[in-house]
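*Asks:*
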Amino acid sequence: MNRATVTLESQELSKTYYSTDPPTEVLRGVDLTVRAGEFLVIMGASGSGKSTLLYSLSGMDRPTSGSVALQGRQLESLSDTEMSNIRLTRMGFVFQQPHFLSNLDVRDNILLPALKGAPKDQRAAAIARVDALMERFGIAHIAGHGITQVSGGQLQRASICRALAGEPLVLFADEPTGALDSSMSGEVMDALTDVHRDGTTIVMVTHDPAVAVRGDRVIYLRDGVLVESRELGTWNAESAGRREDKLLEWLRKLGF
Ligand code: ADP
Ligand code: MG
Numbered sequence: 026m027n028r029a030t031v032t033l034e035s036q037e038l039s040k041t042y043y044s045t046d047p048p049t050e051v052l053r054g055v056d057l058t059v060r061a062g063e064f065l066v067i068m069g070a071s072g073s074g075k076s077t078l079l080y081s082l083s084g085m086d087r088p089t090s091g092s093v094a095l096q097g098r099q100l101e102s103l104s105d106t107e108m109s110n111i112r113l114t115r116m117g118f119v120f121q122q123p124h125f126l127s128n129l130d131v132r133d134n135i136l137l138p139a140l141k142g143a144p145k146d147q148r149a150a151a152i153a154r155v156d157a158l159m160e161r162f163g164i165a166h167i168a169g170h171g172i173t174q175v176s177g178g179q180l181q182r183a184s185i186c187r188a189l190a191g192e193p194l195v196l197f198a199d200e201p202t203g204a205l206d207s208s209m210s211g212e213v214m215d216a217l218t219d220v221h222r223d224g225t226t227i228v229m230v231t232h233d234p235a236v237a238v239r240g241d242r243v244i245y246l247r248d249g250v251l252v253e254s255r256e257l258g259t260w261n262a263e264s265a266g267r268r269e270d271k272l273l274e275w276l277r278k279l280g281f
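Per the working numbering, the sequence shown starts with residue 26, numbered consecutively.
Here's what the structure looks like:
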């Protein structure tokens, strides 16, 4: 593959916890290439190592061995300061729970990390970007609401705005719809599909096949081993049902 088309690459990625007896091998030699602009979905049973893989790929967690490269730059050779700088400027994160501060309104929660990272002369631009994102994802009207006054779907769209405020190269999402009902889950996935269409690379963990069909490709982890990978092609609403049927069939064969 042409190097310029690769955003993220792992080689022989392993993670073992030695605090248990016997040691827990959570990731076992994962080789993975994420293409520029790809929407990659990580699936697997609970405990198969999905979150650990996501955190290792994003440098939030240090692997025991193996390597991860972001646009050709090896993450394991970076200091903690360099790594956190890359996370701030090149990566965005969406988790199952948005972890917003209850004493700030929705907009200030989104703005907080963007302003923290921005030099003084770029603050106005960061604020304008956040307001445009809130407009785009249909939450501008709840900007001044407290975080307990809005729905889970709105909160998760707010966390997508927060993740995009720094214009990341890669958006990492760990079960972004895990705490939502299917209607709110659809809202959030529409937002992520939009982000993907804009060219942002996405790496997302989910256990929900209806959510996974939004991806371009699904990989399947079993006991920390990447056992299968399936290309789905570009998602569109018309083929959603058929895609889900095929994906379910594939997942069943894998014992999901
Ligand atoms: P998933 O996201 O697929 O549910 P995780 O990546 O969260 O799986 O966890 C994979 C495995 O790693 C689990 O079996 C979990 O118990 C184990 N694990 C996670 N953290 C630790 C730790 N600090 N010490 C020992 N085992 C751990
Ligand atoms: Mg997990």
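Think of the CB as a built atom: it goes at the ideal place given N, C-alpha and C, for glycine as much as any other residue. Every value quoted in this text rests on a predicted model; they were computed, and no experiment measured them.
1. Looking at the ligand MG, does it come within less than 7 Å of Lys-40, judged from the CB to the closest heavy atom?
2. Looking at the secondary structure, which residues open and close the alpha helix (DSSP H) in which Ile-185 lies?
3. Please state whether DSSP places Met-108 in a helix, a strand or coil.
4. Any beta carbon from chain B within less than 8 Å of Ile-152's own beta carbon?
5. Below 8 Å on the Cβ atoms is my contact criterion, and I expect Val-55 with Ser-35 to pass it. Report the Cβ-Cβ distance as a whole number of Å.
6. Which of the three DSSP states, helix, strand or coil, is assigned to Val-238?
7. Would you mind stating whether Gly-240 and Phe-120 have Cβ atoms separated by less than 8 Å?
8. Taking Gly-177 as the reference, give the member of Glu-274, Pro-88, Asp-206 with the closest Cα.
9. Let me confirm a value: Pro-47 is counted as buried when at least 16 other C-beta atoms fall within 10 Å, else exposed. Which label applies?
10. Across the stretch 178 to 197 and the stretch 129 to 145, are there enough close Cβ pairs to call them in contact, namely three or more that are closer than 8 Å?
11. Need the endpoints of the beta strand (DSSP E) that Asp-146 sits in, please.
12. What is the rounded straight-line gap between the Cα of Arg-242 and the Cα of Gly-211?
13. From the DSSP output, read off the bridge partner residues of Lys-40.
14. Taking only the alpha-carbon atoms, compute the straight-line gap between Thr-173 and Gly-91 and give it to the nearest angstrom.
15. State the Cα-Cα distance for the pair Leu-12 and Leu-38, rounded to the nearest angstrom.
*Replies:* According to the structure shown:
1. The answer is no for Lys-40.
2. Looking at the DSSP string, the run of the alpha helix (DSSP H) that includes Ile-185 is 177 to 189.
3. The answer is helix: DSSP assigns Met-108 an H, G or I state.
4. As a matter of chain content, chain B is missing from the structure shown, which is built from one protein chain.
5. Right, their Cβ atoms sit about 6 Å apart.
6. The three-state reading of DSSP puts Val-238 in coil, since its state is none of H, G, I, E or B.
7. Going by beta carbons, Gly-240 and Phe-120 fall outside the 8 Å limit.
8. Put simply, of Glu-274, Pro-88, Asp-206 the residue whose alpha carbon is nearest the alpha carbon of Gly-177 is Asp-206.
9. It is exposed - the Cβ of Pro-47 has fewer than 16 other Cβ atoms within 10 Å.
10. Short answer: they touch.
11. DSSP places Asp-146 outside any beta strand (DSSP E), giving it a letter other than H or E.
12. Between Arg-242 and Gly-211, the C-alpha separation is close to 19 Å.
13. Beta-bridge analysis with DSSP links Lys-40 to Leu-52.
14. If I take the Cα positions, the gap works out to 42 Å.
15. It is not possible to answer for residue 12, since the shown part of the chain is limited to 26 through 281.
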